[in-house]
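Worksheet for the structure shown next.
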Amino acid sequence: MIIRTKKNPVMEIILHLFSFILWVYLIYALLFFISSIFYLPIDIINVVKLILNLRNADIIQFLQFIGMYTLIITGLLYSWALYNKLRYGPLNRRKYPGPTTKESLLALNYIDEQTYEGLQNAKDITFETNPIRDGKVK
Numbered sequence: 001m002i003i004r005t006k007k008n009p010v011m012e013i014i015l016h017l018f019s020f021i022l023w024v025y026l027i028y029a030l031l032f033f034i035s036s037i038f039y040l041p042i043d044i045i046n047v048v049k050l051i052l053n054l055r056n057a058d059i060i061q062f063l064q065f066i067g068m069y070t071l072i073i074t075g076l077l078y079s080w081a082l083y084n085k086l087r088y089g090p091l092n093r094r095k096y097p098g099p100t101t102k103e104s105l106l107a108l109n110y111i112d113e114q115t116y117e118g119l120q121n122a123k124d125i126t127f128e129t130n131p132i133r134d135g136k137v138k
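Counting along the sequence shown from 1, when you hit position 59 you're at 59 in the UniProt record's numbering, and nothing is skipped either side.
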């Protein structure tokens, strides 16, 4: 199904540019940590390390701290989930509704049977108006 909307091309260009900048930053940050772990001589990364006065050992120590902190938080969250499951038991979630039938859809009196059949057999559907926004849905 293809849904076409009116999009502002300037806004789309700005969004793509912003997305590209974030991807470049992500790759740069990953290279920053990977080059410290494996002692890779990447010049553009080493310039940032010099500016920030960081050594590879400092970055590795930071990553070890973050790793330990992540393990502790994960353990606490797992313990909390286990405690809740033991205290309250398994939760009985509601069941999702079944598929909509033709009869239940026609009982709403929004469309007639001919329109329903036409929509079911159509390859693509184009709405000229929005029935929800235009107040046709009760």
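Cβ atoms here follow ideal geometry from the backbone N, Cα and C, with glycine treated the same way.
All values derive from a computational prediction rather than experimental measurement.
DSSP places P97 outside both helix and strand once states are collapsed to three, so it counts as coil.
Cβ contact annotation for S79 (same chain, cutoff 7 Å, sequence separation greater than five): none. In this structure, the CA atom of N53 is about 40 Å from the CA atom of V10. When rounded, the separation of the alpha-carbon atoms in F127 and L119 is 11 Å. Short of 6 Å from the beta carbon of D124, and not among the five residues preceding or following it, lies no beta carbon of its own chain.
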